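Heads up: the sequence lines are chains U and V, in that order.
Using the numbering used here, the letters of the first sequence correspond one by one to residues 10 to 112.
Using the numbering used here, the letters of the second sequence correspond one by one to residues 20 to 654.
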Amino acid sequence: MTLHHYLILAAVLFCVGLMGAFTRRNAIVVLFSVEIMLNAANLNFIAFWRYSENPALLHGPLFTLFAIAVAAAEVAVGLALVIAVYRHFKTVDLEAMDTLREE
Amino acid sequence: MSPTTLALIPLLPLLAAALTCGLQNGRRAAALAITAMLGSCGLALAAFNQAWGMGQGEHTTFNITWLEVGDTAIPLGFVLDPLNGAMLAMVTFIGLLIFIYSAGYMKDDRRMARFFCYLSLFAAGMLGLVLANSLLLLFMCWEIVGLASYLLISFWFHKPEAAAAGKKAFIVTRIGDLGFLIGILLAFKTTGTLTLYDGGQGLLETLPTGMVWGMQASGLISLLLFMGAIGKSGQLPLHVWLPDAMEGPTPVSALIHAATMVAAGVFLVARAIPLFDAGGTLPVVAWTGAITALVAAFIALGQYDLKRILAYSTVSQLGLMMVGLGVAGVSVGMFHLLTHAFFKALLFLGAGSIIHGCHEEQDIRKMGGLAKPMPVTTIAYLCGTLALVAFPFTSGFFSKDEILAGAWATNQPVFWIAAAASLLTALYMTRQCLYVFPGAHRGEHIPHESPRIMTVPLVILAVFALGLGGLAKGSVLAKLPGETAHHTTVVLAVSVAVALGGIALGWLIYRGRALGQAADPLAVTPLVRKLWFDELYAATVGRLWALAVVIAEQLNELLLFVRDLTVTLADRIGTGFAVGGDRKLIDTLAFDGMCNRLRSAGHAVTRPQNGFLPGYLRLIALGAVALGLLVALMK
Chain U
10 MTLHHYLILA AVLFCVGLMG AFTRRNAIVV LFSVEIMLNA ANLNFIAFWR YSENPALLHG
70 PLFTLFAIAV AAAEVAVGLA LVIAVYRHFK TVDLEAMDTL REE
Chain V
20 MSPTTLALIP LLPLLAAALT CGLQNGRRAA ALAITAMLGS CGLALAAFNQ AWGMGQGEHT
80 TFNITWLEVG DTAIPLGFVL DPLNGAMLAM VTFIGLLIFI YSAGYMKDDR RMARFFCYLS
140 LFAAGMLGLV LANSLLLLFM CWEIVGLASY LLISFWFHKP EAAAAGKKAF IVTRIGDLGF
200 LIGILLAFKT TGTLTLYDGG QGLLETLPTG MVWGMQASGL ISLLLFMGAI GKSGQLPLHV
260 WLPDAMEGPT PVSALIHAAT MVAAGVFLVA RAIPLFDAGG TLPVVAWTGA ITALVAAFIA
320 LGQYDLKRIL AYSTVSQLGL MMVGLGVAGV SVGMFHLLTH AFFKALLFLG AGSIIHGCHE
380 EQDIRKMGGL AKPMPVTTIA YLCGTLALVA FPFTSGFFSK DEILAGAWAT NQPVFWIAAA
440 ASLLTALYMT RQCLYVFPGA HRGEHIPHES PRIMTVPLVI LAVFALGLGG LAKGSVLAKL
500 PGETAHHTTV VLAVSVAVAL GGIALGWLIY RGRALGQAAD PLAVTPLVRK LWFDELYAAT
560 VGRLWALAVV IAEQLNELLL FVRDLTVTLA DRIGTGFAVG GDRKLIDTLA FDGMCNRLRS
620 AGHAVTRPQN GFLPGYLRLI ALGAVALGLL VALMK
């Protein structure tokens, strides 16, 4: 296993997330996809840390932990938004929410 | 006398004309004009005094260069000699009296101020004409006088006859002026100068020599100048305007058409007499004058209009002056001009007073019996009549006697014609007086005497009419050039006989007639119709005129067509610019086009803002990729 394998895995993971974020209509699924992309980034952090010259410094896990914490907060806010949106529109379909459009 | 004071003589009335032209108040204008005329008269009398001190043929000149073209300088200036000294004194003195009289006569006219403006303009022109030392200046003033005459004849332009008479006077005199102008040009061509006296270099001193168009130059020039004189002085065949000019106010008739302006033609001949002498054209002058005198006197017999009779009488007397100039030279003609000016002005002012007293009635058939209510006017008018018929020892007698004597000595046929004209003069004046003064009044209104402002000038003129001839005869004949003929008994006898005979004949014909009701034995058709002169003009000049009108109308049509064409063309070009340039280029392309471009660009820019949330997300991703690429490339 070399660094490349991890990086390719992370890239695939990111693409899966990106694809999901672009194509899915359900807001919650889009939120999942964004989390997958975040985790792809986290995977990169860890991989680069593991193969770096001085792993004892713990830069990678530190950033990853930080990102996971922020992502948790973000998901909390995102889910709250989704719930608020659902209350307003009676749906979580992103394509139905077009009120930002120029009338 | 300095040039300035001499120049002031015509300039004072000119100034008055300029000042009065804006005035509304008639009395103020009259006062201004009379004051100017008074000043002018005083200066003129001083000039006369100086001129009368000169010997025969002496003169003082003042020339200033007016125009320089190449090597030729055209000076204008004044000359003073006994000839125009006497003329100046006469014009200003009679002018002054008539100005004063006009202040009374025009009292009720709404445009009195304007009247005095015109009168002053006339006086300025006339005095300039008399003083001029250049044919050019003389011609200019001549035309000013013609213009003033036109304005004054048609002063009551609301009367169609007055407007027509003004036009007629202007056009008919223009026919003569054409000759005058050609004469001036010819004189300039042959001698190179238009100055009359210029220290030996003037036109009248060198005299044109050589031949022009197969005629002797001075003869031709003098004939052309005489044409102008014929027009201005109402000689046959251009006399037709003068009787019609009586449509103007009566003071105008007296000032312009009896005493001064019509004498301008005679004055011109007198002024240019060296030319006539050299050209041998004086017999033409004499014959024209004689025929005019006779024909006009005939026509006067058949007229009923008080002023028209006097007008024909003026034409006739002007003819006699021409005879005087033609047969005996300047002194005799000018002597009659001076005496005539006084008694004809008197007669016209008297006629004005009569017309005023009869409530603007001019027809002698509706007058009669005026002797009692208008004593001053009657006596003054009779004085003028006696002078006009050359009753012995009135001023007309002396001057006419000189003319007859001169004619007897040099040209006997002319003598007999002039004598016949004098007989007729006495006849028509007797007829007129018998119509107007004795008997019962035939008009509708009760006649009354005129105010003193009008009768005083009459009395002054009456004194001159009776006395001037005898007093001035010796000095006028001595001071002015010309030879006086020996007075034979025949001349004296004929002269007295025609005057008394005419009066007696008139008395015999008209005594005891029911004037105004019965037919007039002398008013036969040819005379009433003025010998068909107007008809003659209608058939000749009138026809030509009509032809000219037709041509002018065609020309007008052509010009209208050209105008329309131009307008259409300009319209097309303008429309082209408006549509192509303004509407298409500026509005559509530049302004609207730019706006539309901006608007559609705005639309295009707002396209992504479509409310499609996944789209936003994609854009964010795209932006992130672009940013990443940019960072990568920047390295």
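C-beta: ideal position from N, C-alpha, C; glycine also.
Since the structure is predicted, the reported quantities are computational estimates derived from the model, not experimental observations.
Nearest neighbour of residue i, chosen from the options [CA to CA]
i, options, result
"L261(V)", "F483(V), Q220(V) and G253(V)", "G253(V)"
"V370(V)", "V433(V), S272(V) and V334(V)", "It is Ala, not Val, that sits at residue 370(V) in the sequence shown. With distances taken between Cα atoms, A370(V) lies closest to S272(V)."
"L71(U)", "W58(U), V38(U), E83(U) and N63(U)", "W58(U)"
"R46(V)", "G321(V), S121(V), L31(V) and G76(V)", "S121(V)"
"A167(V)", "A142(V), A181(V), E180(V) and A183(V)", "A142(V)"
"A20(U)", "I37(U), L47(U), M10(U) and F41(U)", "L47(U)"
"W564(V)", "V191(V), L57(V) and P293(V)", "V191(V)"
"Y216(V)", "L170(V), T80(V) and L337(V)", "T80(V)"
"V38(U)", "I639(V), L641(V), V644(V) and P633(V)", "P633(V)"
"A26(V)", "L51(V), G58(V) and G41(V)", "G58(V)"
"N82(V)", "S21(V), T585(V) and A589(V)", "S21(V)"
"V478(V)", "P394(V), A347(V) and L274(V)", "P394(V)"
"G195(V)", "G250(V), L222(V), V568(V) and E463(V)", "G250(V)"
DSSP-derived helix/strand/coil call for residue i
i, result
"E468(V)", "coil"
"D382(V)", "strand"
"V106(U)", "A quick correction: the sequence has Met, not Val, at residue 106(U). It is coil, neither helix nor strand."
"N51(U)", "helix"
"D324(V)", "strand"
"M230(V)", "strand"
"A440(V)", "helix"
"A108(V)", "helix"
"A406(V)", "helix"
"N35(U)", "strand"
"Q336(V)", "helix"
"Q628(V)", "coil"
"T507(V)", "coil"
"T6(V)", "In the structure as shown, chain V begins at 20 and stops at 654. Residue 6(V) is therefore absent and cannot be evaluated."
"L33(V)", "helix"
Contact set for residue i: own chain, Cβ-Cβ below 7 Å, skip 5 residues either direction
i, result
"L148(V)", "L157, C160, W161, V164 and A283"
"P29(V)", "A143, L146, G147 and L150"
"T25(U)", "According to the sequence shown, residue 25(U) is Val rather than Thr. Taken in chain order, the residues that qualify are I45."
"Q381(V)", "D324, L325, K326 and I374"
Cβ of residue i within 7 Å of any chain C Cβ
i, result
"N629(V)", "No chain C appears in the structure shown, which is made up of the protein chains U and V."
Unbroken beta strand (DSSP E) run spanning residue i, endpoints
i, result
"P94(V)", "T91 to L99"
"I83(V)", "T79 to V88"
Sequence-distant residues of its chain with Cβ nearer than 8 Å to residue i (five each side left out)
i, result
"F54(V)", "Position check: residue 54(V) holds Thr in this sequence, whereas Phe was assumed. If we look at T54(V) and ignore the five residues flanking it on each side, its Cβ neighbours are A35."
"I398(V)", "A481"
"H78(V)", "V98, L99, D100 and Y216"
beta-carbon residue i near the ligand SAM non-hydrogen atom, thresh 6 Å
i, result
"S469(V)", "In terms of ligand content, the structure shown is empty, and the ligand SAM therefore cannot be addressed."
Opening and closing residue of the alpha helix (DSSP H) in which residue i lies
i, result
"F417(V)", "S414 to T429"
"Q69(V)", "G45 to W71"
"Q573(V)", "V560 to G595"
"M159(V)", "L154 to I172"
"A19(U)", "L12 to T32"
"T3(V)", "The structure shown does not extend to residue 3(V), since chain V spans only 20 to 654, so no value can be given for it."
"S241(V)", "A236 to K251"
"T73(U)", "H68 to F98"
"H276(V)", "Careful: H276(V) lies outside any alpha helix (DSSP H) and carries neither H nor E."
"Y137(V)", "M131 to L150"
"D611(V)", "Segment: none, D611(V) is in no alpha helix (DSSP H) and carries neither H nor E."
Contact set for residue i: own chain, Cβ-Cβ below 6 Å, skip 5 residues either direction
i, result
"Y95(U)", "V101"
"L652(V)", "none"
"M265(V)", "S272, K326, R327 and A330"
"F134(V)", "M125"
**OP:** Inspect the CB distances between the stretch 153–166 of chain V and the stretch 93–107 of chain V and report whether three or more fall short of 8 Å.
**Re:** Segments in contact, yes.
Original post:
Can at least three beta-carbon pairs, one atom from the stretch 337–355 of chain V and one from the stretch 305–314 of chain V, be found at a separation below 8 Å?
Top reply: yes
Original post:
Just checking, does the stretch 396–411 of chain V make contact with the stretch 289–301 of chain V on the three C-beta pairs under 8 Å criterion?
Top reply: A contact is defined here as three or more CB-CB pairs under 8 Å, and the stretch 396–411 of chain V fails this definition with respect to the stretch 289–301 of chain V.
Original post:
Touching or not, the stretch 435–450 of chain V and the stretch 509–522 of chain V, by the rule of three or more beta carbon pairs under 8 Å?
Top reply: Enough Cβ pairs lie closer than 8 Å, so yes.
Original post:
If you pair each beta-carbon of the stretch 351–369 of chain V with each one of the stretch 476–483 of chain V, do three or more pairs fall below 8 Å?
Top reply: yes
Original post:
Is the stretch 97–104 of chain V close to the stretch 112–130 of chain V, with three or more CB pairs under 8 Å?
Top reply: no
Original post:
If we count Cβ pairs, one from each stretch, closer than 8 Å, do we get three or more for the stretch 42–52 of chain U versus the stretch 72–91 of chain U?
Top reply: yes
Original post:
Below 8 Å, can you find three or more Cβ-Cβ pairs linking the stretch 492–501 of chain V to the stretch 70–81 of chain V?
Top reply: Three or more Cβ pairs drawn from the stretch 492–501 of chain V and the stretch 70–81 of chain V lie within less than 8 Å of each other, which places the two stretches in contact.
**OP:** Answer yes if the stretch 325–334 of chain V comes into contact with the stretch 365–381 of chain V, meaning at least three C-beta pairs across the two stretches below 8 Å, and no otherwise.
**Re:** yes
Original post:
Are there three or more Cβ pairs, one per stretch, closer than 8 Å when the stretch 237–247 of chain V is compared with the stretch 192–202 of chain V?
Top reply: yes
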